[in-house]
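Residue 13 is where the first sequence starts when you use our numbering, and the numbers rise one by one after that.
Beta carbons are placed, not taken as given, at the ideal position from N, Cα and C, and that holds for glycine.
One structure is given here, and the rest of the page talks about it.
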Amino acid sequence: MIGWSISRILEANGYDVEKVNLVNDRGIHICKTMVAWQRWGQGTVPDVSGTKGDKLVGELYVKFETENNEQVNRLIEKGMTGDEALKNTSLIMEANEMLRKWEAGEPSTRQLWAKMNAWVYKGFELTYERMGVSFDKMYYESDTYKEGKKLVQEGLEKGVCYRKEDNSVWVGLTNEGLDEKLLLRGDGTSVYITQDLGTAQLRYDEYHPDRLLYVVGNEQNYHFEVLKLILKKLGRAWSDNIIHINYGMVELPHGRMKSREGTVVDADELMEEMHRAAEKMTTDLGKLEGFREQEAMELYEMVGIGALKYFILKVDPKKNMLFNPEESIDFNGNTGPFIQYTYARVQSLLRKAKQKDFDADLNKAPRKEASFKLLDKEKGILRLLHEFPGIVREAGEHYSPALMANYAYELAREYNQFYQEVPILREEDENRVYFRLGLSDFAGRIIKTSMSLLGISVPDKM
RNA sequence: GGCCCCGUAGUUCAACGGAUAGAAUGGAGGUUUCCUAAACCUUAGAUACAGGUUCGAUUCCUGUCGGGGCUACCA
Numbered sequence: 013m014i015g016w017s018i019s020r021i022l023e024a025n026g027y028d029v030e031k032v033n034l035v036n037d038r039g040i041h042i043c044k045t046m047v048a049w050q051r052w053g054q055g056t057v058p059d060v061s062g063t064k065g066d067k068l069v070g071e072l073y074v075k076f077e078t079e080n081n082e083q084v085n086r087l088i089e090k091g092m093t094g095d096e097a098l099k100n101t102s103l104i105m106e107a108n109e110m111l112r113k114w115e116a117g118e119p120s121t122r123q124l125w126a127k128m129n130a131w132v133y134k135g136f137e138l139t140y141e142r143m144g145v146s147f148d149k150m151y152y153e154s155d156t157y158k159e160g161k162k163l164v165q166e167g168l169e170k171g172v173c174y175r176k177e178d179n180s181v182w183v184g185l186t187n188e189g190l191d192e193k194l195l196l197r198g199d200g201t202s203v204y205i206t207q208d209l210g211t212a213q214l215r216y217d218e219y220h221p222d223r224l225l226y227v228v229g230n231e232q233n234y235h236f237e238v239l240k241l242i243l244k245k246l247g248r249a250w251s252d253n254i255i256h257i258n259y260g261m262v263e264l265p266h267g268r269m270k271s272r273e274g275t276v277v278d279a280d281e282l283m284e285e286m287h288r289a290a291e292k293m294t295t296d297l298g299k300l301e302g303f304r305e306q307e308a309m310e311l312y313e314m315v316g317i318g319a320l321k322y323f324i325l326k327v328d329p330k331k332n333m334l335f336n337p338e339e340s341i342d343f344n345g346n347t348g349p350f351i352q353y354t355y356a357r358v359q360s361l362l363r364k365a366k367q368k369d370f371d372a373d374l375n376k377a378p379r380k381e382a383s384f385k386l387l388d389k390e391k392g393i394l395r396l397l398h399e400f401p402g403i404v405r406e407a408g409e410h411y412s413p414a415l416m417a418n419y420a421y422e423l424a425r426e427y428n429q430f431y432q433e434v435p436i437l438r439e440e441d442e443n444r445v446y447f448r449l450g451l452s453d454f455a456g457r458i459i460k461t462s463m464s465l466l467g468i469s470v471p472d473k474m
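Structure, rendered in structure tokens:
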């Protein structure tokens, strides 16, 4: 959602943005789920068990980690040190074996891998679609890791990398104040950074972009620092154009989210909950008059997802954020629905104006010579409208949806105050009525545009 | 141990080195025969601590305390 919004904002600033999704579809973590499926999941497939494919595989991952932890503990009891135990459980060895087979292209391993990945992608697709997020291109690291290995080879030839006795390959970064970093395991298989090096090279080759943006959590700050350094050492000047847009950890009231432990808030469940909360709110407030069932469903979705996105985007993403699924997402105050509501109010006002025979096309409204003093509230709105282009620019410079979100909120709040205090259609002076209608229309458009830069839709009625 | 990020009302967040530190939520009180009360108005409530730089510090520097992350032949 953050990446999507940033892409919208950059487009609004005139950039060509290619949205790519880097899918890490290979590696030890994938092998762990495959081992888990073979051991405990035989026969379960997404369609039959009724769970989405990505969720099913996620559960297998958790299963692997819990079982593996038990094995680790047993080994420690038998007198092994923690480090040894981590490497010597039968599960880990099995996963490692699986990874070797995968890299060797062993057919049955590849087959299982392809099958399980297809489940995951199907699940992801549904989730992205509901979030309103799409990509121009997908990079699969199962394709790009080979490019990474080539880069490592190049590094060895250039003397940037070195091989240790156990055949593993490393790059030394101590001169830059960092440690040495493993690039290839002793058995020749690649690790996360290896495939990321390859992906970066492929991205560059394909687009030759001015900037390569990565929207990735801040726990990977070190990873990207290393990535840039290695590319630089390999003589890739464009390494300087890699920008890691990091965002903070999401913490739950009882601790951090961890996919290994299954303590994550599932995006699908969350969206569903938001939808239901929006439905309840709408019903409780008795706002359903004149809605067909289909329209009502669309409204719940728009408001629910809007609340969720706004909640995430309104804060500076660099900070860690606390997320309490029960309480965090409100529909009142500084929220998405508040802004959506303001927009709906404006639209309602414009509909009423039309009914009262004010010209719907405000550009064609009768223009008389008129001069009148503006009220403070009117000036306030004008001032904010005037700031809009600058905010878009600033949000682009800082890659900050939060600036956009806060602006939209401020404008909505200012408008609501105006709406509450100042008569519009009840005003007697027709010139003033037209001015206020025009001001409302303009404010509505800017609110809609601002929200669209966050990837949030606004309803005509709510 | 080393490196990085963070610490602002009870809570969740704002504030390119600049005016009286803004909101929201929660608390207290109020507004609807009238354009949508998912709104509006009033009210109490905060810069972790100690130094330094500056005409001026929530912001920059140093230290202390507190929270988080990274430092894996995990991703």
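- Sequence-distant Cβ neighbours of Ser251 in its own chain, meaning closer than 7 Å and more than five residues away, are Lys240, Leu243, Lys244.
- For Tyr419, the CB contacts under 7 Å within the same chain, skipping 5 residues up- and downstream, are Ile403, Ser462 in chain order.
- If you draw a straight line from the Cα of Arg304 to the Cα of Asn233, it is about 49 Å long.
- Residue pairing of Lys193 in beta bridges, as defined by DSSP: Val183.
- The C-beta of Asn80 has 16 or more other C-beta atoms within 10 Å across all chains shown, which makes the residue buried.
- Taking 8 Å as the cut-off, the beta carbon of Leu195 is found no closer than this to the beta carbon of Thr186.
- Secondary structure note for Lys176: it is in no alpha helix (DSSP H), with a DSSP letter that is neither H nor E.
- The bridge partners DSSP lists for Met333 are Val262.
- Excluding residues up to 5 positions away in sequence, Ile436 lie with their Cβ nearer than 6 Å to the Cβ of Arg448 in the same chain.
- Going by beta carbons, Gly408 and Asn25 fall inside the 8 Å limit.
- Residue burial annotation: Met293 is buried, with at least 16 other C-beta atoms found within 10 angstroms of its C-beta.
- Residue state for Leu225 is assigned as strand, using DSSP reduced to three classes.
- Secondary structure of Met13 (DSSP, three-state): coil.
- Annotation: the region 79 to 164 contains the following complete segments of the beta strand (DSSP E) (minimum length 3 residues), in chain order: 149 to 152.
- For the pair Leu124 and Met46, the CB atoms are nearer than the 8 Å cut-off.
- With a cutoff of 8 Å on beta-carbon distance, Glu273 and Val74 are scored as near each other.
- Per DSSP, Val32 is not a residue of any alpha helix (DSSP H); the beta strand (DSSP E) it occupies stretches across 32 to 35.
- One alpha carbon belongs to Lys127, the other to Arg357, and they sit about 50 Å apart.
- Per DSSP, the beta-bridge partners of Ile257 are Val227.
- In the structure shown, Ser202 adopts extended strand secondary structure according to DSSP, grouped into three states.
- Under the three-state reduction of DSSP output, Gly402 falls in the helix class.
- Assignment of Asn443 by DSSP, reduced to helix, strand and coil, places it in the helix class.
- With contacts defined as CB atoms closer than 8 Å, Gly198 and Lys158 fail to qualify as a contacting pair.
- Secondary structure of Asp342 (DSSP, three-state): coil.
- Closest option to Glu426, judged by alpha-carbon separation, among Arg405, Arg438, Ser452: Ser452.
- Rounded to the nearest angstrom, the Cβ distance from Asp37 to Glu153 is 6 Å, consistent with a contact under 8 Å.
- Contact check for Leu394 against Ser17 fails: the beta carbons are separated by 8 Å or more.
- Collapsing the DSSP output to three states places Val315 in a helix.
- In terms of CA proximity to Gly15, Gly144 leads the group Gly298, Gly144, Lys391.
- Judged by DSSP in its simplified three-state form, Pro471 adopts coil rather than helix or strand.
- Across the set Lys161, Lys170, Leu214, the C-alpha of Leu214 shows the shortest separation from the C-alpha of Lys149.
- Per the coordinates, the alpha-carbon of Leu423 lies some 11 Å from the alpha-carbon of Lys460.
- In this structure, the CA atom of Lys90 is about 39 Å from the CA atom of Phe236.
- Taking C-beta atoms under 8 Å as the contact rule, Leu325 and Met13 qualify, at a distance of about 7 Å.
- For the options Glu71, Lys330, Ser469, the alpha carbon positioned closest to that of Val227 is the one of Lys330.
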